[in-house]
């Protein structure tokens, strides 16, 4: 059994968190300890970034120290074209170092870029059919992170349940409180419904949640592992997708500075141009590294920016009571409101360059009658879920 590494920061972490144990380097809870003592499956999500690597190293040492004899596996959710080129190799290097299996999973319906592209296609279809009153952006957002829920959590939990149908499973993450105020409020461990089955438990365990970043770097250096090239070559301060909805401007520039990401950059900027929606709210990805764009795309972006301002001003004309709320539509527009909606739709469609239906007041009123009739008949195809997570049907409502 390897000697236990106890540092001053480890001692401080344990003292701050009473559920931690001084002989355990990582922070645990009674529930996690009990699952580990019963040799539950330990699956550590790894991306190639510093936190997941350090977490895997610390948890592996901890499992050895307590004599854990259950299955252990590293799990990597491959996001496809939006990944840094070194991401999977970095996970493979970690797996080789630990002697663990690396399980790589990917969304069958397409990668992250394909998800954004399909979302835009679906949202245009919705707008065309007046299944929404405002045009919907293609991108995920900080409050709508289907990029994480669909392409990471869902594929990983599904794979683990299939592989270990008769075992308790602990899903380990490298989340740290120091990273953000939201993560600062997260628990050390919690039940994970997506992994829980009738007779078997599923838990999430944030094993290094109390670690400062200095300990993360120290852990990786002590293991003799190289950091991902996003940090060492490109100078990124955090690791995720090459271009992430949560990235700072400096990290977006770092990603754009890597030649491996140039084609991805241009494809994503092309989506900004086609949709008139900036990648990060008011921050256009096109502005991060315009020198990488051909003249034609620069022209398209200039038109998209102008169209975006006009689209926002036009959509602001819609009365609040006609906008999306639970159970939409809740109000049948008056004739004057139907005239306004037809005008708004016609102008927005012209700006964005899409063909739409229901461009007159009479057609708008007729469409609302259809929507109310469908709702009253409880037709399931009209209630297929929200814009973030559902695969839309012709008339799913999302704004």
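Residue numbers (our numbering): 11 to 409.
Backbone N, C-alpha and C fix where the C-beta goes; we use that ideal spot for every residue, glycine too.
Asked	Found
Among 231, 78 and 57, whose alpha-carbon lies nearest the alpha-carbon of residue 90?	57
So the candidates are 352, 386, 173 and 361; which of them puts its Cα closest to the Cα of residue 375?	352
Does the count of Cβ pairs from the stretch 240-248 and the stretch 74-84 closer than 8 Å reach three?	no
For residue 237 and residue 320, I'd like the C-alpha separation in whole angstroms.	45 Å
Is it a yes or a no for the stretch 279-290 touching the stretch 302-317, going by three-plus beta-carbon pairs under 8 Å?	yes
Write down every uninterrupted run of the beta strand (DSSP E) in the stretch 193-238 whose length is 3 residues or greater and which is fully enclosed by it, in chain order.	199-201 and 212-216
Count the other CB atoms within 10 Å of the CB of residue 162; is the residue buried (16 or more) or exposed (fewer)?	buried
Distance check for residue 43 and residue 32, CA to CA, integer angstroms please.	Reliability of the predicted coordinates at residue 32 is poor, the pLDDT of 36 falling under 50, and the value obtained from them is presented with this limitation in mind. Computed Cα separation, rounded: 13 Å.
Rounded to a whole number of angstroms, what is the C-alpha to C-alpha distance between residue 279 and residue 167?	32 Å
Buried or exposed: which applies to residue 172, given that a residue is buried once 16 or more other Cβ atoms fall within 10 Å of its Cβ?	exposed
What does residue 114 pair with, by DSSP beta-bridge criteria?	86
Throw me the rounded Cβ distance for the residue 53 and residue 85 pair, which I believe falls under 8 Å.	5 Å
Expressed to the nearest angstrom, what Euclidean distance is found between the alpha-carbon atoms of residue 149 and residue 37?	35 Å
Just reading off the beta strand (DSSP E) that residue 52 is part of, what are its end residues?	51-55
Given residue 331, which residues of its chain have a CB within under 7 Å of its CB, disregarding the five upstream and five downstream residues?	341
Suppose contacts are defined by Cβ-Cβ distances below 8 Å. Is residue 145 in contact with residue 132 by that definition?	no
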